[in-house]
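Okay, so here's the structure we're looking at.
Residue numbers (our numbering): 154 to 484.
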């Protein structure tokens with residue numbers, strides 16, 4: 154029964170492990186045999202194993218060689234038997250490495266690390282986000298899920314690619330959604346706005362069902378679906394059309410504003426928008442005072458977000474409160 158279990162375990166191994174086991178057994182067997190045949194030449198079993206290793210790998214240092222007829226015959230058998238197995242072993246390693254690389258490129262390889270960011274949907278927003286982060290020294294670990302691209306869309310950028318639909322639990326689990334820190338769901342540019350929002354909310358529901366604690370940032374195109382996204386579990390909603398229309402309307406009132414906003418956002422490689430918690434020194438100080446203190450640190454205070462409704466205040470003399478958040482540009 155033990156032998157049968159051993160054989161079953163052996164055949165369950167991968168091809169590489171099976172070949173490694175056979176090669177190791179042959180080397181140890183012939184190493185011990187040479188110690189028995191020529192104890193004066195191969196003084197220890199390890200000497201025999203060393204000779205068998207360099208012989209089967211065709212290195213052949215020549216520091217130890219058999220001198221008797223029996224030893225030479227054993228060497229011939231080892232060369233005929235072991236060299237082929239060793240060659241097959243290294244060929245299997247190369248094939249396995251190539252297969253793994255192909256699976257990685259084609260989006261078939263599961264992701265196993267934790268604390269990563271999952272991006273759903275390949276489009277210009279996802280592309281620009283990944284390129285911007287790639288220019289930074291500390292790159293978060295990203296996993297892209299998309300069913301439309303045939304292979305890894307940016308091979309020179311170190312992020313993981315999973316091919317498939319984010320509506321599918323198996324695809325989300327392959328992206329290790331259970332241990333993700335963030336999930337960013339972008340709108341499908343190839344669909345009508347209403348349909349794209351529906352797909353976004355369905356993907357959000359699937360992600361939240363597998364990991365309720367993941368921080369979900371979703372892109373919504375129509376205003377009437379914003380509340381639906383929050384009901385589905387979104388932590389943040391980005392209204393792309395609202396941002397674009399606001400910039401266009403601003404340019405109507407003052408031509409060139411949209412270009413200025415675009416140039417400002419284009420500086421994300423140097424500066425980033427952030428929300429900061431006020432320090433004890435800043436609490437109770439007027440907006441203008443805190444703004445001046447931050448400027449001394451090369452941080453530009455744009456406004457203060459107050460309350461759960463996210464109202465932005467820029468009143469000069471209004472004091473900073475403990476639960477406020479400072480909306481700033483940080484180098």
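Ideal Cβ placement from N, Cα and C applies to all residues, glycine included.
Could you tell me the distance, in whole angstroms, from the CA atom of residue i to the CA atom of residue j?
i           : j           : result
residue 209 : residue 253 : 27 Å
residue 217 : residue 228 : 12 Å
residue 219 : residue 212 : 16 Å
residue 476 : residue 437 : 11 Å
residue 376 : residue 248 : 52 Å
residue 449 : residue 464 : 26 Å
residue 391 : residue 481 : 18 Å
residue 369 : residue 289 : 23 Å
residue 330 : residue 195 : 57 Å
residue 466 : residue 429 : 15 Å
residue 459 : residue 396 : 21 Å
residue 452 : residue 323 : 44 Å
residue 181 : residue 251 : 30 Å
residue 203 : residue 186 : 12 Å
residue 179 : residue 235 : 7 Å
residue 373 : residue 275 : 16 Å
residue 163 : residue 171 : Unreliable placement is indicated for residue 163, whose pLDDT of 49 sits below 50; no coordinate value is reported for it.
residue 320 : residue 356 : 5 Å
residue 326 : residue 337 : 16 Å
residue 266 : residue 401 : 42 Å
residue 239 : residue 199 : 19 Å
residue 417 : residue 258 : 35 Å
residue 302 : residue 315 : 10 Å
residue 384 : residue 255 : 40 Å
residue 358 : residue 351 : 11 Å
residue 387 : residue 371 : 7 Å
residue 472 : residue 440 : 6 Å
residue 243 : residue 299 : 35 Å
residue 175 : residue 201 : 17 Å
residue 334 : residue 177 : 44 Å
Got a sec, what are the start and stop residues for the beta strand (DSSP E) residue i sits in?
i           : result
residue 456 : 453-459
residue 299 : 295-299
residue 335 : 335-338
Under the DSSP definition of a beta bridge, which residues are partnered with residue i?
i           : result
residue 425 : 483
residue 389 : 370
residue 316 : 299
residue 272 : 297, 337
residue 465 : 458
residue 263 : Residue 263 pairs with nothing; no bridge assigned.
residue 472 : 439
residue 478 : 458
Tell me the residue span of the alpha helix (DSSP H) that contains residue i.
i           : result
residue 362 : 346-363
residue 381 : 379-384
residue 325 : 322-327
residue 440 : 440-448
residue 281 : 277-287
residue 217 : Run containing residue 217: none; DSSP gives neither H nor E here.
residue 199 : 198-209
(message) Under 8 Å, with one C-beta from each stretch per pair, do the stretch 265-278 and the stretch 295-302 reach the 3-pair mark?
(response) yes
(message) Would the stretch 330-342 count as touching the stretch 309-318 if we require 3 or more Cβ pairs under 8 Å?
(response) In short, these stretches do not touch, since the Cβ pair count stays below three.
(message) Any contact between the stretch 397-409 and the stretch 350-367? By contact I mean 3 or more CB pairs, one from each, below 8 Å.
(response) no
(message) Under 8 Å: do the stretch 184-200 and the stretch 223-243 share three or more Cβ pairs, one atom per stretch?
(response) yes
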